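Engineer: For the sequence shown, UniProt numbering gives the first residue as 1, with consecutive numbering after it.
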Amino acid sequence: MKIADVYWQNRVEVSLDQMSQYLKDAAVDGEDRRFYEHKGVDLTGIIRAAIGNVTSGGVTSGASTLTMQLIKNIYVQRAEALPSEEARSAAYAEATASSTERKLKEIKLAIGLEKRFNKEQILEAYLNISGFGGNTYGVEAAANRYFGVSAQDVTISQAASLLAIVQYPVLRNLAQPENYPANQIRRDDILRSMRDAGHITEAEYQEAVSIPVDENFVNLKDPSSGCIAAQKYSRHFCDYVVKNVTNFEALGSTVDERITNWNIGGYKLYTTLDNSLQKFAQKEVWNVPKSSPILNIGAAFDSVEVGTGRVLTMTQNKIFNDTLEGGGAEASAVNFSTDRDYGGSSGFQTGSTYKIMGLLAWLNSGRGLNEVVDASEFKKDQSHYLDTCTDGGGPWGGIWEFKNDAQAPKIVTVLEAVRASINSAFASIGEQLDQCEIRKMAESLGIHRADGALLQTNPSAILGTNEIAPLTMATAWAGIANNGKFCESIILDHAVGPNGEELPGQPVTCRQTIDPEVAQGAIYAMKAVMSGGTGSAGNPGDGVPIFGKTGTTDSSSQTWIVTSTSRVASVAWVGNVIGTYPMRSFPNGALYRHQIMSAVMRMANQNYSGAIDWPAPPSRLLQGSGLEMPSVEGLSVEEATTLLVGLGLQVKLGGFEPSDSVSEGDVTGTDPGEGELIAGGMVVKLFRSSGPDVTIPDVVGMTEAEARDALSGTGVSVSVKCSAAEDPADPDIGFVISQAGKKSVTLTILQESCP
């Protein structure tokens, strides 16, 4: 299925007899009234311009004939066709310089051109090459763009309005309403010249100038070529292909050669896009509103083939529009799926999806999924985090505060931390790793910031603070699904050259970047995410083995889910293009990602059948290098601390609890408890004995002697406190009126008076 016809310029060349006479007259009367009299150079105009230039002290007036303007436009076109930006800029500056040297060169070449071609040929070339704003060149494309008609059918006022653009295309083009007044002023000047030359009558002139240049006059049409004219389900992908032209070796061996050949044209590019899956995915993504009065909402869904890196889908909620006038809030030329260099987006914070980079680093260091970590702390001293990267933004210091999305146990296994996406647990995981190793693990899967900067290695990065493009995340998950063998994303399967020759596409480039068993350990954990974990709502539920990870940033401004089978990896992002409006406060805002993922992956599993399960990770990645928590019951705090610190653990004092068997002040237990598999460096809390749990009898109403007798078997110490009676006749005098304490009981006895 053809996606689009893409040309360097929006131009359709037509012969002079296919142009309205009004266009020819407007060009001659408005730009060069002595066109049919001179031989390329208007000496009268040059003398007038020279006088004006001397008076102004510079070259401000040109007296350029149509032939001279044609020469200038030819040089401008040549400049814009040059392969490098530097060469284009230099050549364009030379072609448009306000200098005597350039003017003399144009004069010389114009005279030569008039000797080789007749006036009709020159006028035809001029009207076909002139720029009419943006990417629109030539009167045929311009007439269609601004009025929806052919060059042969324009009216008098339309013809004059088109020729009004050529002197200052940026300021007078009709794509932007703010240009209408300037266009109308110049249009009316041209109409006056057409009347004065006898090419239109007074009545025709009056009728034409009475028509205002406004939204009723202009009938703006989308270009007939380019990605904006592509089939509607694939326009952003089309733009991504165009922006990748310099990477296609089929177009040439060097970047300059590729650009030159692309501009010359004649190539057919056959892409990796799965049209049926793309159409289905795009329809699903369009369920997300294209605009909203309360936030700038964006959404993207991308899929990559596991084992090849072929991009299968690329969709977003906005309509593609790269015209000068744009398309309003529902349209955008920015591609949310890609890096800034290939679509203008700077990416989005990934939230908890990035935790998997920490998990991979954890497993790669020999740790295990069943090791337990502390999830009870919500403040961390960042100076405690190791970071051997010198370019990640460190060194780090200060207190980092965070919170969990839901209530979680104080001690959890790493497997549970992944399944439930527990921030506090991953803060502890990061504390036991080198932040630089987390970044290296991400980079090994092709993960990079969308703005081109290096991935930051701040302690909070493990929770997903780097801004990354969705396509990058899908490609990384495809690498994990490929048992740690990462394949660069590609979009060109093959090409056909101008002469029909078959040309190669982008090569499949894969390399083993992660230990396969480490990848399988991460997959094992992420399968739990999709089955009873935070990603279960995004599971297509068709029985195909799948793993994934969700991500939600602070205040839910960005929401993600990234999944993969053994055949296809996909990503769904829904969030704020700009701003931090909470998606959980937007209708269905936190659910769109799951609904899109579930539906599209169900179809992907039909299109790419034969998905298989992955091997279970080896026991070493389940148990890791953790140790079994020893028993320290009955030891003194000092003895227990010495033992645990010697095992590489940290110690904190917990509270007291009664014990019949442990002496007061000694250790009764720990958290994590005896026998649990714990990670090295973990904080262990010691609980101390408060002595036996003694039941203290109620002695209120007894005499002091009776009370002491009742308490004598409990082992508590007894003290007495006097309370003076207000009434000497009070019947409670001599009796206990209150008691306080457990280990040491104070009795208050009412007396007539107290010493």
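In this text, a Cβ means the ideal position worked out from N, Cα and C, and glycines have one as well. For clarity, every value in this text was computed on a predicted model and none was experimentally measured.
1. Once DSSP output is grouped into helix, strand and coil, what is the label at A331?
2. Could you compute how far the alpha carbon of D334 sits from the alpha carbon of F237?
3. For A537, which residues in the same chain have their Cβ closer than 6 Å to its Cβ, ignoring the five residues on either side in sequence?
4. Under the rule that 16 or more other beta-carbon atoms within 10 Å means buried, what is V720, buried or exposed?
5. So, with DSSP's three-state summary, where would you put M19?
6. Among the candidates I297, E284, V632, whose CA atom is the shortest distance from the CA of T315?
7. Tell me the DSSP secondary structure of K108 in three-state form.
8. Let me know if G351 comes out buried or exposed under the rule of 16 or more other beta-carbons within 10 Å of its beta-carbon.
9. Mind checking A406: buried by the 16 CB within 10 Å criterion, or exposed?
10. Are the beta-carbon atoms of N317 and V288 separated by less than 8 Å?
11. Quick test of your reading: E752 and P728, contact by CB under 8 Å. State the CB separation rounded to the nearest angstrom.
12. I'd like to know whether the C-beta atoms of P615 and Q506 end up nearer to each other than 8 Å.
13. According to DSSP, is G131 part of a helix, a strand, or is it coil?
14. Does S259 pass the burial test, meaning 16 or more other C-beta atoms within 10 Å, or should it be called exposed?
15. Going along the chain, which unbroken runs of the beta strand (DSSP E) with 3 or more residues stay wholly within the UniProt domain "PASTA" (623–690)?
16. How about the stretch 300–316 and the stretch 618–625: do they share at least three Cβ pairs that are nearer than 8 Å?
17. Just reading off the beta strand (DSSP E) that N219 is part of, what are its end residues?
18. Pick helix, strand or coil for residue 792, following the three-state DSSP scheme.
19. With contact counted as at least three CB pairs below 8 Å, one residue from each stretch, are the stretch 692–712 and the stretch 457–471 in contact?
20. For F378, does the count of other Cβ atoms within 10 angstroms reach 16, so buried, or fall short, so exposed?
21. Pick helix, strand or coil for S556, following the three-state DSSP scheme.
22. Do you know how far the Cα of A425 is from the Cα of I546?
23. Which residue spans inside the stretch 130–195 form an unbroken beta strand (DSSP E) run of at least 3?
24. Look at the alpha carbon of S292 and the alpha carbon of V577, and state the distance between them as a whole number of angstroms.
25. Once the 5 residues before and after M19 are set aside, which same chain residues still bring their CB inside 7 Å of it?
26. Rounded to whole angstroms, what is the Cα-Cα separation between L750 and T695?
27. Kindly indicate the opening and closing residues of the alpha helix (DSSP H) around N458.
28. Rounding to the nearest angstrom, what Cα-Cα distance links V41 and A97 in this structure?
29. To which residues of the same chain is L433 closer than 6 Å at the C-beta, ignoring the five residues directly before and after it?
30. In whole angstroms, what separates the C-alpha of N423 from that of V684?
31. Could you name the residues of the same chain whose beta carbon sits closer than 6 Å to that of A329, not counting the 5 residues immediately before and after it, in chain order?
32. What residue does the beta strand (DSSP E) around E401 start on, and which one ends it?
33. If you draw a straight line from the C-alpha of P177 to the C-alpha of T155, how long is it?
34. Measuring alpha carbon to alpha carbon, tell me which of A175, K279, T338, E249 ends up nearest G326.
35. Tell me whether Q512 sits in a helix, a strand or coil according to DSSP, three-state version.
36. What residue does the alpha helix (DSSP H) around A740 start on, and which one ends it?
Structural biologist: Taking the coordinates as given:
1. strand
2. Reading off the sequence, residue 334 comes out as Val, not Asp. If you take the alpha carbons of V334 and F237, they lie about 11 Å apart.
3. H594
4. exposed
5. coil
6. E284
7. helix
8. buried
9. exposed
10. yes
11. 6 Å
12. no
13. strand
14. Strictly speaking, residue 259 in this sequence is Ile, with Ser absent from that position. By the neighbour-count rule (16 or more Cβ atoms within 10 Å), I259 is buried.
15. 650–657, 667–671, 683–689
16. no
17. Neither: N219 is in no beta strand (DSSP E) and is coded neither H nor E.
18. Missing from the structure shown is residue 792; the chain here goes from 1 to 755 and no further.
19. no
20. exposed
21. helix
22. 24 Å
23. none
24. 12 Å
25. L127, V139, A151, Q152
26. 25 Å
27. No alpha helix (DSSP H) holds N458; DSSP gives it neither H nor E.
28. 19 Å
29. A361
30. 19 Å
31. S291
32. 399–401
33. 20 Å
34. A175
35. strand
36. That residue, A740, is in no alpha helix (DSSP H); its beta strand (DSSP E) goes 736–740.
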